[in-house]
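Residues in the sequence shown are numbered from 23 upward in steps of one, following our numbering. C-beta atoms are modelled at their ideal positions from N, C-alpha and C, and glycine is treated no differently. Fair warning: this is a prediction, and the values are worked out from it, not measured in the lab. Heads up, the thing below is written out as structure tokens.
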Amino acid sequence: MSADWSAELDAAAALLVAAGHAVAMTGAGVSTASGLPDFRSPGGLWAGVDPMAVASRSAFEQRPEEFYAFYRKRIDVLGLATPNPAHFALAALEKAGRMHGVITQNVDGLHQVAGAQQVIELHGNLREALCVGCLTVRPIEIIREALEAGDLPRCRTCGAMLKPNVVLFEDLLPERAWTAATLAARASDVMLVAGSSLQVTPAGWLPQETLDRGGRLVIVNQEATPYDRRAAVVLHGPAERILPALAAAVGARVEEGVPRSQNATR
Ligand code: APR
23 MSADWSAELD AAAALLVAAG HAVAMTGAGV STASGLPDFR SPGGLWAGVD PMAVASRSAF
83 EQRPEEFYAF YRKRIDVLGL ATPNPAHFAL AALEKAGRMH GVITQNVDGL HQVAGAQQVI
143 ELHGNLREAL CVGCLTVRPI EIIREALEAG DLPRCRTCGA MLKPNVVLFE DLLPERAWTA
203 ATLAARASDV MLVAGSSLQV TPAGWLPQET LDRGGRLVIV NQEATPYDRR AAVVLHGPAE
263 RILPALAAAV GARVEEGVPR SQNATR
């Protein structure tokens with residue numbers, strides 16, 4: 023681990039060890055090391071693409087061929103993805119009782135594959151297909167098979183169109199997930215944000231929920247975010263390297279039994 027981050031890693035570890043209730047909030051940047059592009063980096067999914075044309079409710083309803091041309095690529099790439107050290111580090115922090123789960127904007131399910139138990143999926147998941155008619159949920163393979171056969175995916179039960187079980191632009195977030203995420207953010211005295219530009223709302227409002235109640239932010243991201251100035255600790259770099267180092271620093275502090283009074287940097 024580069025020495026450039028040692029002070030920040032120590033400060034972040036102190037906050038996590040002292041925290042009564044910490045939560046992680048992740049975005050696409052924690053999955054780029056798994057081969058899944060993010061959205062707003064150069065070469066990301068929105069590079070040269072209008073999200074409203076390919077990933078909105080209107081696109082799904084009015085231009086399903088264009089919609090599924092975009093989503094077919096995402097579904098295929100997702101099928102090959104496996105968790106990376108960023109996912110495993112967050113799962114390890116949860117297992118060690120230092121993180122009460124992950125609020126994620128990602129739809130790849132990699133936090134769960136890595137062993138995370140408490141995962142709040144704000145934007146749904148790309149592992150399932152939802153029938154917009156009878157609301158039946160099936161594995162995403164049913165969509166993949168229809169597209170491979172050159173058909174638009176339709177429900178075998180009611181004949182309505184199937185859509186990936188993800189939140190599209192123009193959709194509302196799943197109410198249960200949004201409520202759980204808001205309560206988790208409000209209950210946390212530390213939120214660890216990793217791999218998100220924090221530009222999309224309402225997810226991007228969640229760090230403020232933690233701040234509004236005196237909580238602290240630790241931000242791990244390749245580039246600056248709108249919350250950097252309000253964060254207690256900011257680490258700019260690859261999450262797949264920083265998060266394992268952070269998990270190790272937390273473990274070392276717990277091992278040393280550093281008294282809580284020396285932990286906090288409040
Ligand atoms: N390590 C750390 N940060 C990274 C890495 C990495 N390996 N790779 C990319 N990043 C950073 C990028 O610099 C960027 O700031 O992750 C961030 C990803 O931001 P976005 O591409 O905007 O993705 P995200 O924040 O998850 O977008 C939120 O927008 O379009 C919607 O539904 C979509 O869920 C998505 C939402």
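Counted within 10 angstroms of its Cβ, other Cβ atoms place residue i as buried (16 or more) or exposed
i	result
residue 47	buried
residue 117	exposed
residue 28	exposed
residue 69	exposed
residue 30	buried
residue 290	Residue 290 lies beyond the residue range present for the chain, which begins at 23 and ends at 288; the question has no answer from this structure.
residue 288	Confidence is the limiting factor: at residue 288 the pLDDT is only 36, short of 50, which leaves the residue's position unreliable, though a coordinate-based value still follows. Residue 288 should be labelled exposed.
residue 277	exposed
residue 194	exposed
residue 237	buried
residue 161	exposed
residue 256	buried
CB-CB length for residue i against residue j, believed under 8 Å
i	j	result
residue 136	residue 103	Actually they do not touch by this definition, with Cβ atoms about 11 Å apart.
residue 49	residue 210	Not quite, the Cβ-Cβ distance comes to about 17 Å (not below 8 Å), so this is no contact.
residue 144	residue 225	5 Å
residue 142	residue 81	With a Cβ gap of about 26 Å, residue 142 and residue 81 do not count as contacting.
residue 79	residue 150	Not confirmed; about 17 Å, so no contact.
residue 75	residue 88	7 Å
residue 148	residue 130	6 Å
residue 175	residue 183	7 Å
residue 90	residue 169	6 Å
Candidates the options: closest to residue i by CA position
i	options	result
residue 52	261, 212 and 99	261
residue 252	263, 244, 204 and 231	231
residue 127	150, 109, 117 and 146	146
residue 265	56, 111, 158 and 83	111
residue 245	233, 236 and 215	215
residue 32	250, 247, 165 and 240	240
residue 180	62, 250, 202 and 152	152
residue 105	72, 277 and 134	134
residue 291	190, 236, 138 and 63	Since the first residue of the chain shown is 23 and the last is 288, residue 291 is not available in this structure.
residue 44	67, 54, 120 and 85	120
residue 34	278, 178, 277 and 272	272
residue 59	263, 98, 197 and 268	98
residue 212	124, 66 and 130	124
residue 185	101, 270 and 156	156
residue 203	94, 228 and 183	228
residue 93	269, 57, 56 and 188	188
Coil, strand or helix - residue i by DSSP
i	result
residue 48	strand
residue 80	helix
residue 276	helix
residue 118	coil
residue 85	coil
residue 222	coil
residue 26	helix
residue 165	helix
residue 258	strand
residue 231	helix
residue 71	coil
residue 189	coil
residue 170	helix
residue 216	strand
residue 104	coil
residue 152	strand
residue 13	Here the chain covers residues 23 to 288 and nothing more, so residue 13 does not appear.
Proximity test, residue i beta-carbon vs ligand 1 heavy atom, cut-off 7 Å
i	result
residue 248	no
residue 51	yes
residue 245	yes
residue 277	no
residue 61	yes
residue 65	no
residue 219	yes
residue 179	no
beta-carbon residue i near ligand 2 non-hydrogen atom, thresh 7 Å
i	result
residue 222	In the structure on display, ligand 2 does not appear, and the ligands it does have are ligand 1.
is_contact[residue i, chain B] using C-beta, thresh 8 Å
i	result
residue 244	Of the protein chains in this structure there is only one, and it is not chain B.
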